[in-house]
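Each protein sequence line maps, in turn, to chains A and B. So for the first sequence, this note's numbering puts the first residue at 538; every next one is plus one. So for the second sequence, this note's numbering puts the first residue at 27; every next one is plus one. Just so you know, even glycine gets a beta-carbon here, dropped at the ideal spot from N, CA and C.
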Amino acid sequence: MSVDKIWVLAEVADGAPITTSLELITAARELGGTVEAVAYGDATASVATTLGEYGVTTVHDVGDLGGALPGAPVAATIAAAVAAGSGPDAILFPATYDGRDIAGRLSVKLDRPVLTNVVGLSAGDGGLVSQHAIFGGSQILTARFTGDGPQIFVVRAKSFAAEPSGGPPAAVVASPAPDTGATGAARIVSRHVEERTGPKLDEANVVVSGGRGLGEKDQYALIEELAGLLHGAAGASRAIVDAGWVPYSHQVGQTGKTVKPTVYVACGISGATQHLVGMKNSKNIVAINKDQDAPIFSVADLGIVGDVHKVLPQLIEALKNRA
Amino acid sequence: MNVVVCVKQIPDPAAPGALDPGTKNLVRAGKLILDDSDAYGVEMALQLADAAGGGDVTLVSMAPNGETSGLRTALAMGAAKAILISDESLAGTDALGTAKVLAAAIKRAEPDLILAATESTDGYTGTTPVQVAELLGLPSVTFAKKVEITGNSVKVERQTEAGYDEVESPLPAVVTVTAGVVEPRYPSFKGIMAAKSKPVETLTVADLGLDAGQVGSAGARQEVTEVADAEARSSGEIVVDEGEGYTRVIEFLEQLKVL
Chain A
538 MSVDKIWVLA
548 EVADGAPITT
558 SLELITAARE
568 LGGTVEAVAY
578 GDATASVATT
588 LGEYGVTTVH
598 DVGDLGGALP
608 GAPVAATIAA
618 AVAAGSGPDA
628 ILFPATYDGR
638 DIAGRLSVKL
648 DRPVLTNVVG
658 LSAGDGGLVS
668 QHAIFGGSQI
678 LTARFTGDGP
688 QIFVVRAKSF
698 AAEPSGGPPA
708 AVVASPAPDT
718 GATGAARIVS
728 RHVEERTGPK
738 LDEANVVVSG
748 GRGLGEKDQY
758 ALIEELAGLL
768 HGAAGASRAI
778 VDAGWVPYSH
788 QVGQTGKTVK
798 PTVYVACGIS
808 GATQHLVGMK
818 NSKNIVAINK
828 DQDAPIFSVA
838 DLGIVGDVHK
848 VLPQLIEALK
858 NRA
Chain B
27 MNVVVCVKQI
37 PDPAAPGALD
47 PGTKNLVRAG
57 KLILDDSDAY
67 GVEMALQLAD
77 AAGGGDVTLV
87 SMAPNGETSG
97 LRTALAMGAA
107 KAILISDESL
117 AGTDALGTAK
127 VLAAAIKRAE
137 PDLILAATES
147 TDGYTGTTPV
157 QVAELLGLPS
167 VTFAKKVEIT
177 GNSVKVERQT
187 EAGYDEVESP
197 LPAVVTVTAG
207 VVEPRYPSFK
217 GIMAAKSKPV
227 ETLTVADLGL
237 DAGQVGSAGA
247 RQEVTEVADA
257 EARSSGEIVV
267 DEGEGYTRVI
277 EFLEQLKVL
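The structure is reproduced here in structure tokens:
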């Protein structure tokens, strides 16, 4: 099966396509054929210019969802296009809250499996071939679909670099969702924006993360303070998210965010495979841990074998004195 | 209110994982334990059933070799019963096939609410719960950090990039919960003893009325073609802190021009 047409889910936040969608559009361009996008919400028409700059020719605009969660209606629109014969050969979804929902529902509608946690894509004989980081990123697994039908991939953030190609604005085609019945019955009643000081976790130049080695919940304040002084974002290992010390939105790792900052500072994090897969591609890694044998030191450019309760306050104090 | 919790029994995540050299499937031959991620769903289900004034919490799980040790852990926490689908023909089933099996089993329990983790710790595909919802024709709300039942609907605080959305859905519905949202109780001694005699219904693919060609490696329409070592990251400088370790961190940050 040749891949002549690839669709990418263009998720829109704050009036612009999210970076991961632009990364996927860039990747799709390299894989050959036409690149089209699927978008939803009330700002889709305004993003056609940006999407065009990255190589999208047509935006299939599901439009405003009237408060419905995107999973059911957006999947229904894509499935309808496939049924009508105007669908894509492959569809790329960013690994976001909504991207995963839409991909899962679409998979059932088309009775096609889905490959998730993709970190690389290439063109193969039977369509696209995907790469997946397994066992903490120590091994790369290559997978492909068998059988006919659209190929559905959910791709992790920062798997590709986003680069514009200088294309003209994309054409916008209204593609409202068919009736989704009970499957689309969940409604957003209200949206809450949580105050954030400093950059977003997955966009920050510096990420400071804390783990179980902090000992107790209150000690996470050290992580936030150090992140603040370095104009970075505060992250966390799964262990302390599971323990309820910090919300899920801070989690870095397999379950959670992928980060690639200039500097990643891991504090009291042992470096379970679950965590490594989300941060080992950081440009520079500093680890502070009292256990000399902790796996985190095997990926660290600078490892400090020491107690975070001593090293962090000293570091914070020294940085404050510089300011 | 009857709640089904989808639970996965997985190899101990603390032990190094391995792929079968022939099938390239994850090796799941040894003893399996309850996925930590599922303890939150079980706890949430118990609390919601309590708050609703009663009802059963039923576990649904698919596992090889009639494995029940993870189920016993969740039964010891307080779940009433379990449905286990175990069948040799299920080896190599992909996420969509797993969803078909779970959906067929869940239907038998006639739940008002279906809870699951956002993803499993071992395979972490993260699509199975939503696939189950679509197969059952139900709404779904993923990434819940707070769940409340009011009458015939569920109110969820759903994690978003910017914060959270308050979402309402009629029941029955599928809800996936993030970790850390409730504190899973430790099974009491009494609970562990009681769990031994709680009913575990073991079903085969045929019992569920599914076509064997839809599941297992026969039904999987994705394959692993290659597994290779990733480029190793070379380890760097190690400094044992004797009170001055922080100065080396500052030098390093200066070199990188982040200071």
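Residue from the options with nearest C-alpha to residue i
i         : options                                       : result
Leu602(A) : Val611(A), Val549(A), Thr595(A) and Thr594(A) : Val611(A)
Leu141(B) : Val231(B), Ser223(B), Glu187(B) and Val180(B) : Val180(B)
Val201(B) : Thr720(A), Asn826(A), Pro705(A) and Val823(A) : Thr720(A)
Gly235(B) : Lys126(B), Phe278(B), Ala65(B) and Ser214(B)  : Lys126(B)
Val710(A) : Gly552(A), Glu573(A) and Leu849(A)            : Glu573(A)
Ser727(A) : Pro625(A), Gly600(A), Ala605(A) and Gly569(A) : Ala605(A)
Pro85(B)  : Val193(B), Ala244(B), Thr228(B) and Gly206(B) : Checking the displayed sequence, the identity of residue 85(B) turns out to be Leu instead of Pro. The option with the nearest alpha carbon to Leu85(B) is Thr228(B).
Asp76(B)  : Gly152(B), Val29(B), Pro47(B) and Glu114(B)   : Val29(B)
Ala617(A) : Glu548(A), Val575(A), His768(A) and Val593(A) : Val575(A)
Thr563(A) : Glu590(A), Thr586(A) and Val584(A)            : Glu590(A)
Lys675(A) : Ala831(A), Ala809(A) and Asp828(A)            : The sequence shown places Ser at residue 675(A), not Lys. If we check each option's Cα against that of Ser675(A), Ala809(A) comes out closest.
Leu852(A) : Tyr785(A), Pro687(A), His669(A) and Cys804(A) : Cys804(A)
Gly569(A) : Gly673(A), Leu658(A), Arg724(A) and His729(A) : Leu658(A)
Ile822(A) : Val802(A), His812(A) and Asp779(A)            : Val802(A)
Gln185(B) : Asn178(B), Pro196(B), Val173(B) and Met70(B)  : Val173(B)
Proximal residues of chain B, C-beta to C-beta of residue i below 8 Å
i         : result
Glu740(A) : Per Cβ cutoff of 8 Å: no residues; Glu740(A) is ~11 Å from chain B at best.
Val730(A) : Ala188 and Gly189
Gly684(A) : Arg247
Phe630(A) : In chain order: nothing, as chain B lies at least about 10 Å away.
Environment of residue i [buried if 16+ CB atoms lie within 10 Å]
i         : result
Met816(A) : buried
Pro165(B) : buried
Pro701(A) : exposed
Asn91(B)  : exposed
Ala621(A) : exposed
Phe630(A) : buried
Gly793(A) : buried
Phe254(B) : In the sequence on display, residue 254(B) carries Ala and not Phe. So Ala254(B) counts as exposed.
Contacts that residue i makes with chain B (C-beta to C-beta distance below 7 Å)
i         : result
Gln851(A) : Tyr272
Ile677(A) : Ala254 and Ala256
Val800(A) : Leu279, Leu282 and Val284
Proximal residues of chain B, C-beta to C-beta of residue i below 9 Å
i         : result
Gln791(A) : Glu145, Thr147 and Tyr150
Ser586(A) : According to the sequence displayed, residue 586(A) carries Thr and not Ser. Those within 9 Å of Thr586(A) in chain B number zero; the least Cβ separation is about 23 Å.
Ile841(A) : Ile264, Val265, Val266, Asp267, Gly271, Tyr272, Arg274 and Val275
Leu881(A) : Because chain A is modelled from 538 through 860, residue 881(A) falls outside the range shown and cannot be assessed.
Val692(A) : Those do not exist, as Val692(A) stays about 13 Å from chain B at its closest Cβ, beyond 9 Å.
Ile725(A) : Arg184, Asp191, Glu192, Val193 and Glu194
Arg681(A) : Gln248, Glu249, Val250 and Thr251
Val848(A) : Asp267, Gly271, Tyr272 and Val275
Under 8 Å between C-beta atoms of residue i and residue j
i         : j         : result
Val783(A) : Ala776(A) : no
Thr526(A) : Gln248(B) : The structure shown does not extend to residue 526(A), since chain A is modelled only from 538 to 860, so the question has no answer here.
Gly123(B) : Gln240(B) : yes
Ala855(A) : Tyr272(B) : yes
Val666(A) : Arg681(A) : yes
Gly765(A) : Thr734(A) : yes
Ala78(B)  : Val33(B)  : no
Ser644(A) : Val655(A) : no
Ala105(B) : Val31(B)  : yes
Leu279(B) : Val800(A) : yes
Glu731(A) : Ala258(B) : no
Val156(B) : Thr168(B) : yes
Gly21(B)  : Asp739(A) : Outside the displayed span of chain B (27 to 285) sits residue 21(B), for which this structure offers no information.
Ala627(A) : Ile543(A) : yes
Gly96(B)  : Leu58(B)  : yes
Ile615(A) : Gly624(A) : yes
Gly748(A) : Val691(A) : no
Closer than 7 Å at the beta carbon, the chain A residues around residue i
i         : result
Phe169(B) : Tyr634
Thr204(B) : Tyr785
Thr153(B) : Arg637, Ala640, Gly641, Ser644, Val651 and Thr653
Pro196(B) : Ala722
Under 8 Å by beta carbon: chain A residues contacting residue i
i         : result
Asp120(B) : Pro650
Gly163(B) : Gly718, Ala719 and Thr720
Residue i Cβ short of 7 Å to the ligand MG heavy atom set
i         : result
Val575(A) : No copy of the ligand MG occurs in the structure displayed, which carries no ligand at all.
Where residue i meets chain A, residues with beta-carbon distance less than 9 Å
i         : result
Glu136(B) : By Cβ distance, chain A contributes nothing, its closest Cβ being about 15 Å from Glu136(B), past 9 Å.
Ala117(B) : None at all; the shortest Cβ gap to chain A is about 16 Å.
Problem set entry | Selection of the stretch 617-628 of chain A by Cβ proximity to chain B, strictly under 7 Å | none
For this session: For the stretch 818-839 of chain A, enumerate the residues whose C-beta is nearer than 7 Å to any C-beta of chain B, in chain order.
Result: Asn821, Val823, Phe834, Ser835, Val836, Ala837, Asp838 and Leu839
Problem set entry | Near-chain B residues of the stretch 594-618 of chain A - C-beta to any C-beta below 8 Å | Leu606, Gly608, Ala609 and Ala612
For this session: Please name the residues in the stretch 35-50 of chain B whose beta-carbon is closer than 9 Å to at least one beta-carbon of chain A, in chain order.
Result: Pro39, Ala40, Pro42, Gly43, Ala44, Leu45 and Lys50
Exercise. For the stretch 235-252 of chain B, which residues have a CB atom closer than 8 Å to at least one CB atom of chain A, in sequence order?
Worked result: Ala246, Arg247, Gln248, Glu249, Val250, Thr251 and Glu252
Problem set entry | Members of the stretch 751-783 of chain A near chain B, C-beta cut-off 9 Å | Leu767, His768, Gly769, Arg775, Ile777, Val778, Asp779, Ala780, Gly781, Trp782 and Val783
For this session: Identify each residue in the stretch 563-587 of chain A for which the Cβ-Cβ distance to at least one residue of chain B is less than 9 Å, and report them in chain order.
Result: none
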